[in-house]
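Everything below concerns the one structure shown next.
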Amino acid sequence: MDFGQILNNTLSQILSPTTFGFALAAIGLSIHFGFAGLLNMGVAGFMAVGAYGFAISILTLGLPWWAAALVGFVLAAVFALILGIPTLRLRGDYLAIVTIAAAEVVRLLF
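Using our numbering, the first residue of the sequence shown is number 12, and each one after it goes up by one.
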């Protein structure tokens with residue numbers, strides 16, 4: 012039994028892009044729901060836009076994964092800026108309504 016190969020396979024599964032994606036999602040949700048205490052459903056839309064940009068830039072443009080990650084970050088940040096400027100002063104139920112609507116728009120478009 013080759014323990015080096017077993018360890019290599021285990022580490023490649025632990026440090027996979029899926030693991031990093033779930034970790035980023037957990038951090039984003041923890042900041043919004045846990046520390047800020049805001050009900051913001053737009054976070055799921057931001058994750059969807061970033062994941063869509065990541066996948067398209069790898070599959071269509073043939074970029075390496077690190078460049079595709081930057082594309083995903085930039086697309087999610089631009090979407091967050093477009094949504095964030097008009098909703099900057101909203102709190103409570105109004106913020107929840109606007110962000111749920113934004114998440115639904117992303118779901119219907121992509």
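Note that CB positions come from ideal geometry on N, CA and C, so glycine has one too.
Comparing C-alpha distances from alanine 66 to each of Gly32, Ile42, Ser41 shows the shortest one belongs to Gly32. The three-state reading of DSSP puts isoleucine 38 in helix, counting H, G and I together.
By the neighbour-count criterion, in which a residue is buried when 16 or more other Cβ atoms sit within 10 angstroms of its Cβ, glycine 56 is buried. Taking C-beta atoms under 8 Å as the contact rule, asparagine 20 and threonine 110 fail to qualify, at a distance of about 40 Å. Pairing histidine 43 with leucine 49 gives a Cβ-Cβ distance under 8 Å. According to the DSSP assignment, asparagine 51 belongs to no alpha helix (DSSP H), since it is labelled neither H nor E. A buried status is given to valine 117, since no fewer than 16 other beta-carbon atoms sit within 10 Å of its beta-carbon. Going by beta carbons, alanine 62 and isoleucine 69 fall outside the 8 Å limit. Annotation: tryptophan 76 to isoleucine 108 spans about 35 Å, alpha carbon to alpha carbon. Put simply, of Gly83, Ile25, Leu94, Gln24 the residue whose alpha carbon is nearest the alpha carbon of alanine 112 is Leu94. Alanine 37 has its alpha-carbon roughly 16 Å from the corresponding atom of isoleucine 25.
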